[in-house]
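Numbering (our numbering), first residue to last: 396 to 1230.
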């Protein structure tokens, strides 16, 4: 690993031992039971009967992620896995599933996204410092679809098209299993960093309704949510159906500052920088029915809608020393703040049959999922349209994005008993057919109109998708896998898996995984795994294009004065991109190694420590913005037949190079029973991670010939967005005390420092120091009712402010890379009724 890693492991070991001797310590409570995969019938947990929580982490909980054996438990797992029950997810005031997971799993990062186009609309999450699209998301073991939005701005998750976890209602969830290990050999593409498997509630019994409401201490950002879940039987005791529904509303926050420049200060706060207003609706149905002896039908479907309005950059009017554009006085003499209106529709349906045939367990299923986003820009203007036709239209339909996925899966498994082994082995085999599609429909003419007058075109704030951006592309893949797992002796367990996958757009690949565990005693074990993996280039990464308005500061790569300019993201086969060095994308390939220990000396105490290394070759990244404004570039493009440029600069996707991620994860828990004085559960979890770019592909020769500033990947992309933009360390300490009807929870989280790297020199680097945040909550339960009052970030902690030379003249005082945001304290209340 490295020297710092060598120092942190002994420190954590010492802290754990000291905490165990003094009383409390860490890990997650594991809920009893989960639905089996591959046709295995596994005993499931009873539905929640209220806000009660398990007293001791149930290490006998059966897990279904990363294994196809029907008897693998948390305590006997061969690879590191976190099991987070719904009760833990709901301990904080957040209504976002991604944020709740990030506050529970240290190796997961869910940075706050300020008002910045699609980043604010569909927020990305990371696992072990890798990209959002390098984490596979399953729901009840079935591959979930990605969102339609491709994140194109220079923040964490740039260039990814990941899954939007926040479309899945928390009221439908029994627990979540987070596999912190490469799993392409089991599940295919995307599982480089690990797997998030969301296990839904099951059975006809139990349910509840809950109201949540809260507000930030600054007096804004009010949130309200109503949720309900209930179950009822089908055909007597032959089946059941569960319904979960949520509706929520979030008001915006604003932490923007005032422009400090003379002539601008008197205008006051004009930008918006903070949380975005959203309205959300989510509905999930889950059902199961015995259609014949040994055969059951199952299905679950989801519908979600999110309407949000991110804001663009404020455009100054004629009442300032330097208005945004001379034409602005015709429509907005006092300036304007563009408003982006997004309407996202999410749909999915999974249906299948599973059962037994002799010694075989079988599962056949079909899966459809899709996300569609309609985007508009309001309170805006298109200067080129205004100049050429006198049209001062203030709102435009920008276009429509759609991403869909269909899969057909066949999974078979059975136990086999070799004569030379005392215990049976689980043999699994199966196949998958998958089709993925991506569509972009152009917006109305005024949203993308450029003209040839030289006046800046496109809707200000977010230019629409034009006919040149419209696409309808699809691909399919076929896959087959085999896995063999079992206890070779009473103390030695092992698993081997291999999967071959063939994609219609880039060919085939084979992944393999080997894991093992040796139990030295009933309380102590060592485990290790090694695997290879891959991630297919997303259809959006290969074919998507857009035009955005971006702010470029002094000394920018465009070679232009500081200001707002149009930047184009173009596909790799675009004519301009080809002339500037783009190439067809290759799949990312990974190698994952994990080594760890498991220690459960008593029923009350558990500890796991796992070190890992992940290397990713051919890492796909968005290039730096390449200027189209210099005389050399204009001449070069004109010589090759390109003259009418609608952008000031372009970016494209590229296989940037190789990245290595090294780290260690710590999860521990301790349960103390004080008799009639109550119980105390202490959980302590921590992670340390260091990413490094180990190799960068050479800069294209054509870019070298255009000047020193033409770098396909600049310094900030190499050291930051590909490596260490997320905190290298994170520690979560939670104390939960129960006595009678009362429950008190306190969570102390330490977010490690982060660095934002300058594009050309270390002199421009900005280091933001670590911060501690404290969350507190108190609950009271009577009969079937529960009441909660709480506060997140009770000390109103903010990140360090951005240096004055990088804060856009005081307008953006905080970094969007802050792992906990910059909203301050949040106070909330909850009222629930459970049966």
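Beta carbons: idealized from backbone N, C-alpha and C, even for Gly.
Please read all numbers here as calculations on a predicted model, not as lab measurements.
With 16 other Cβ atoms within 10 Å as the buried cut-off, status of residue i
i	result
residue 1035	exposed
residue 490	buried
residue 869	exposed
residue 816	exposed
residue 811	exposed
residue 1022	buried
residue 1128	buried
residue 521	buried
residue 1152	buried
residue 683	buried
residue 1114	buried
residue 597	buried
residue 823	buried
residue 562	buried
residue 1188	buried
residue 463	buried
residue 679	buried
residue 1072	exposed
residue 1038	exposed
residue 519	buried
residue 487	buried
C-beta contact flag for residue i and residue j at 8 Å
i	j	result
residue 739	residue 768	yes
residue 892	residue 580	yes
residue 551	residue 1144	no
residue 771	residue 793	yes
residue 982	residue 930	yes
residue 1016	residue 1051	yes
residue 472	residue 1082	no
residue 908	residue 888	no
residue 531	residue 590	yes
residue 1090	residue 1123	no
residue 962	residue 1020	yes
residue 911	residue 819	no
residue 1223	residue 608	yes
residue 853	residue 837	no
residue 1218	residue 616	yes
residue 1048	residue 936	yes
Inter-residue Cα distance where the pair is residue i and residue j
i	j	result
residue 1084	residue 524	7 Å
residue 713	residue 1028	33 Å
residue 498	residue 754	43 Å
residue 959	residue 850	13 Å
residue 900	residue 458	35 Å
residue 725	residue 785	9 Å
residue 1214	residue 1125	10 Å
residue 1231	residue 720	As shown, the chain starts at 396 and ends at 1230. That puts residue 1231 outside it, with no answer to give.
residue 1087	residue 1154	17 Å
residue 1057	residue 876	28 Å
residue 1132	residue 1140	6 Å
residue 716	residue 665	16 Å
residue 1228	residue 635	21 Å
residue 718	residue 991	60 Å
residue 1130	residue 479	16 Å
residue 1208	residue 1159	17 Å
Problem set entry | Every unbroken beta strand (DSSP E) inside the segment 1170-1197 [3 residues or more] | Taken in chain order, the complete beta strand (DSSP E) segments of 3 or more residues contained in the segment 1170-1197 are 1180-1187.
Problem set entry | Cβ contact check for the segment 1175-1193 and the segment 628-645: 3 or more pairs under 8 Å | For the pair of segments examined, the segment 1175-1193 was found not to touch the segment 628-645: the number of CB pairs separated by less than 8 Å stays below three.
Exercise. Touching or not, the segment 908-928 and the segment 476-494, by the rule of three or more beta carbon pairs under 8 Å?
Worked result: A contact between stretches requires three or more CB pairs, one per stretch, nearer than 8 Å, and the segment 908-928 fails this requirement with the segment 476-494.
For this session: Output the residue ranges of the beta strand (DSSP E) runs that lie fully inside the segment 612-690 and measure 3 residues or longer, sorted by chain position.
Result: Runs of the beta strand (DSSP E) lying entirely within the segment 612-690, each at least 3 residues long, are 618-629, 634-645 and 673-687 in chain order.
Exercise. Unbroken beta strand (DSSP E) runs of length 3 or more, entirely within the segment 1054-1108: which are they?
Worked result: Within the segment 1054-1108, the runs of beta strand (DSSP E) that reach at least 3 residues and sit entirely inside it are, in chain order, 1074-1091.
For this session: Quick one: which unbroken beta strand (DSSP E) runs of 3-plus residues sit fully inside the segment 937-1014? Chain order, please.
Result: If we require 3 residues or more, the beta strand (DSSP E) runs fully inside the segment 937-1014 come out as 941-947, 958-964 and 983-997.
Exercise. Is there contact between the segment 824-831 and the segment 800-808, where contact requires at least three CB pairs shorter than 8 Å?
Worked result: Cβ pair count under 8 Å is three or more, so yes.
Exercise. Does the segment 1039-1048 touch the segment 936-949, meaning 3 or more C-beta pairs lie closer than 8 Å?
Worked result: The answer is yes - the segment 1039-1048 touches the segment 936-949, with three or more Cβ pairs under 8 Å.
Exercise. Below 8 Å, can you find three or more Cβ-Cβ pairs linking the segment 746-764 to the segment 688-695?
Worked result: Touching, yes, given that three or more Cβ pairs across the two stretches are closer than 8 Å.
Problem set entry | the segment 1199-1214 / the segment 1169-1180 touching (three or more Cβ pairs under 8 Å) | Three or more Cβ pairs closer than 8 Å define a contact, and the segment 1199-1214 falls short of that threshold against the segment 1169-1180.
Problem set entry | Sufficient close CB pairs (3 or more, under 8 Å) joining the segment 649-661 to the segment 534-546 | Short answer: they don't touch.
Problem set entry | beta strand (DSSP E) runs wholly inside the segment 1113-1164, at least 3 long, in chain order | Taking only runs of at least 3 residues, the beta strand (DSSP E) segments lying wholly in the segment 1113-1164 are 1124-1134, 1137-1146, 1149-1151 and 1161-1163.
Exercise. Enumerated in chain order, which unbroken segments of the beta strand (DSSP E) with a length of 3 residues or greater are wholly contained in the segment 546-601?
Worked result: You should have 568-574 and 589-595.
Exercise. What are the complete alpha helix (DSSP H) segments, minimum 4 residues, inside the segment 466-518?
Worked result: Here the runs fully enclosed are 481-484, 492-497 and 513-516.
Exercise. What are the start and end residues of each continuous alpha helix (DSSP H) run of 4 or more residues lying completely inside the segment 864-938, in chain order?
Worked result: Secondary structure in the segment 864-938: the alpha helix (DSSP H) runs of 4 residues or longer, each lying completely within the stretch, are 934-938 in chain order.
Problem set entry | Whole alpha helix (DSSP H) elements within the segment 727-799, 4-residue minimum | Counting only runs of 4 or more, we get 778-784.
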